[in-house]
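A.B. asks: For what it's worth, this note's numbering labels the leading residue of the sequence shown as 279, then goes sequentially. A virtual CB, placed ideally from N, CA and C, is assigned to each residue, including glycine.
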Amino acid sequence: MGHRRKRNTSPVLSAGWWTSDEECQEISCPKKWREPRRANIAREVNILVAGATGHTGRHVTRMLAARDHSVVALARNPDAALRLFGESVSIRKGDVRDRASLEAAFAGIDVVINTTGTRTFWGDNGGHAVDIVGSENIANAAVHNRVGHLILLSAFGLDRSSIFLTLFSRALNGYFECKAKAEQAHIQSTIPYTIVRPVELLNRPPRGHALLNQEAPLSLVRFVSRELVAQVLAECVGNGNAAGKTFEVCESKKKGDDVHAQIAAMKPDQTRTKPSSTPLF
Ligand SMILES: NC(=O)c1ccc[n+]([C@@H]2O[C@H](COP(=O)([O-])OP(=O)(O)OC[C@H]3O[C@@H](n4cnc5c(N)ncnc54)[C@H](OP(=O)(O)O)[C@@H]3O)[C@@H](O)[C@H]2O)c1
């Protein structure tokens, strides 16, 4: 990191918006904290989606706008963002490799959702540039602008060992090494963070329900609709129970708890048990 970071004192936190269910019970909550979470934060929080023009980023951007949040789409190409979102969101130009562009874009932002990713893996916009340099820049600009919550879309496979994962990563120019460094940049920012690790993403409507996981030996050949992942990302926003947590997301035919309850049931990283085995199927 280029500079020593100060502990986050975002107004989002100090105003009590970032309050878990447990904290809310412990302290004497003002009335507004007892209101339903979505109603509570609607129109109060400025959310920036980095990678908004991406296949997952566009879903979460639209979803949050539809929930009446104030949404900023960060885009390298603002015209592309305008074609996707029209006037429904604000659009700010920015490239994660360019810290100065992020400093300007993050002004007044409370929550950053980072859904960026490389499409080339090599070159000047490869994994090193987007995941490592880009995440460092995002974390630094977020600290400087007193962002209250960083949410990262990472990847299933981290913490897991399998020859297939090793080969996959090598074939894609150190994919998992780049993702691990991206996660570390978000974690070390000192800003409350949430890391979401999806299995392989598909551009089709959900055929099941979002299943969040930390310890179970999930198989490598699993898929999830980008729309479901976007729902999980949106549910993390302003959710005190998501802070300091890393979890995987896949799609399950079986209906379990709703996403909000699943997030609450995930263990914080300090006590999380890492997954032990990774079958192929
Ligand atoms: N594909 C999978 O199956 C899979 C599985 C697990 C995890 N993931 C991860 O999930 C994330 C999202 O995946 P996706 O397939 O939805 O992504 P995607 O469609 O490739 O979108 C990537 C987004 O990142 C933006 N971006 C790229 N370089 C940038 C830069 N230098 N500055 C600012 N923005 C930049 C792109 O902007 P432009 O539109 O301008 O290019 C685009 O909006 C990625 O991190 C990916 O590695 C993917």
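How about residue 498 and residue 559: are their beta carbons less than 9 Å apart?
C.D. replies: In contact: residue 498 and residue 559 (Cβ atoms closer than 9 Å).
A.B. asks: With a threshold of 8 Å, establish whether the CB of residue 479 neighbours any heavy atom of ligand 1.
C.D. replies: Correct: residue 479 has its Cβ closer than 8 Å to ligand 1.
A.B. asks: May I have a chain-ordered list of the beta strand (DSSP E) segments no shorter than 3 residues that lie completely inside the stretch 397-447?
C.D. replies: Complete beta strand (DSSP E) runs here, min 3: 427-431 and 434-437.
A.B. asks: May I have a chain-ordered list of the beta strand (DSSP E) segments no shorter than 3 residues that lie completely inside the stretch 492-553?
C.D. replies: 501-503 and 523-530, all fully within the stretch 492-553.
A.B. asks: If you check the beta carbons only, do residue 514 and residue 434 fall under 9 Å apart?
C.D. replies: Taking 9 Å as the Cβ cut-off, residue 514 and residue 434 do not qualify as a contacting pair.
A.B. asks: For the candidate residues 341, 325 and 322, whose alpha-carbon lies nearest to that of residue 508?
C.D. replies: The residue with the shortest Cα to Cα distance from residue 508 is 341.
A.B. asks: May I ask whether a heavy atom of ligand 1 can be found less than 8 Å away from the beta carbon of residue 352?
C.D. replies: Flag set: Cβ of residue 352 near ligand 1.
A.B. asks: Please identify the residue among 476, 501, 472 and 551 whose C-alpha is closest to the C-alpha of residue 485.
C.D. replies: Checking every option, the nearest Cα to that of residue 485 belongs to 501.
A.B. asks: Helix or strand or just coil, what does DSSP make of residue 312?
C.D. replies: In this predicted model, residue 312 has a pLDDT of only 27, less than 50, meaning its place in the structure is not dependable enough to derive any value.
A.B. asks: Give every residue of the same chain whose Cβ lies closer than 7 Å to the Cβ of residue 495, excluding the five residues on either side of it in the sequence, and list them in chain order.
C.D. replies: The answer, listed in chain order, is 553, 554, 555, 556 and 557.
A.B. asks: Can you tell me whether residue 366 is buried or exposed? The criterion is at least 16 other CB atoms within 10 Å of its CB, across all chains shown.
C.D. replies: Residue 366 comes out exposed.
A.B. asks: Run through DSSP, which three-state label would residue 347 get?
C.D. replies: Residue 347 falls in the coil class under three-state DSSP.
A.B. asks: Are the CB atoms of residue 458 and residue 537 nearer to each other than 9 Å?
C.D. replies: No, the Cβ-Cβ distance between residue 458 and residue 537 is not below 9 Å.
A.B. asks: Is it true that the CB of residue 461 sits closer than 9 Å to the CB of residue 492?
C.D. replies: Result no, Cβ atoms of residue 492 and residue 461 do not sit closer than 9 Å.
A.B. asks: Kindly give me the distance between the Cβ atoms of residue 510 and residue 474, rounded to whole angstroms, as I take these residues to be in contact under 8 Å.
C.D. replies: Correct: roughly 6 Å between the Cβ atoms.
A.B. asks: Compute every distance between the C-beta of residue 331 and the non-hydrogen atoms of ligand 1, then say whether any falls below 8 Å.
C.D. replies: Because some heavy atom of ligand 1 lies under 8 Å away, the Cβ of residue 331 counts as near it: yes.
A.B. asks: So residue 351 and residue 339 are supposed to be a Cβ contact under 8 Å. How far apart are they, rounded?
C.D. replies: Contact flag correct, Cβ pair sits at about 5 Å.
A.B. asks: Cutting at 7 Å between CB atoms, please list the residues of its own chain near residue 356, excluding the five before and the five after it.
C.D. replies: So the qualifying residues of the chain are 369 and 371.
A.B. asks: For residue 368, which residues does DSSP report across the bridge?
C.D. replies: Residue 368 pairs with 350.
A.B. asks: In three-state terms, what does DSSP make of residue 479?
C.D. replies: It is a strand residue.
A.B. asks: Under the three-state reduction of DSSP, which class applies to residue 558: helix, strand or coil?
C.D. replies: The answer is coil: DSSP assigns residue 558 none of H, G, I, E or B.
A.B. asks: What span of residues does the alpha helix (DSSP H) with residue 378 cover, start to end?
C.D. replies: Per DSSP, residue 378 belongs to the alpha helix (DSSP H) from 377-383.
A.B. asks: From this set, 394, 446, 386 and 441, which residue's C-alpha is nearest residue 422's C-alpha?
C.D. replies: Of the listed residues, the one whose Cα sits closest to residue 422 is 386.
A.B. asks: According to DSSP, simplified to helix, strand and coil, what is residue 387?
C.D. replies: Reduced to three states, the DSSP call for residue 387 is coil.
A.B. asks: Taking 9 Å as the cut-off, decide whether the C-beta atoms of residue 523 and residue 472 are in contact.
C.D. replies: Yes; because the gap between Cβ atoms is below 9 Å, this pair is in contact.
A.B. asks: What first and last residue would you give for the alpha helix (DSSP H) that runs through residue 465?
C.D. replies: Note, residue 465: alpha helix (DSSP H), 453-465.
A.B. asks: Taking 8 Å as the cut-off, is the beta-carbon of residue 401 closer than that to any non-hydrogen atom of ligand 1?
C.D. replies: No, ligand 1 has no heavy atom inside 8 Å of this Cβ.
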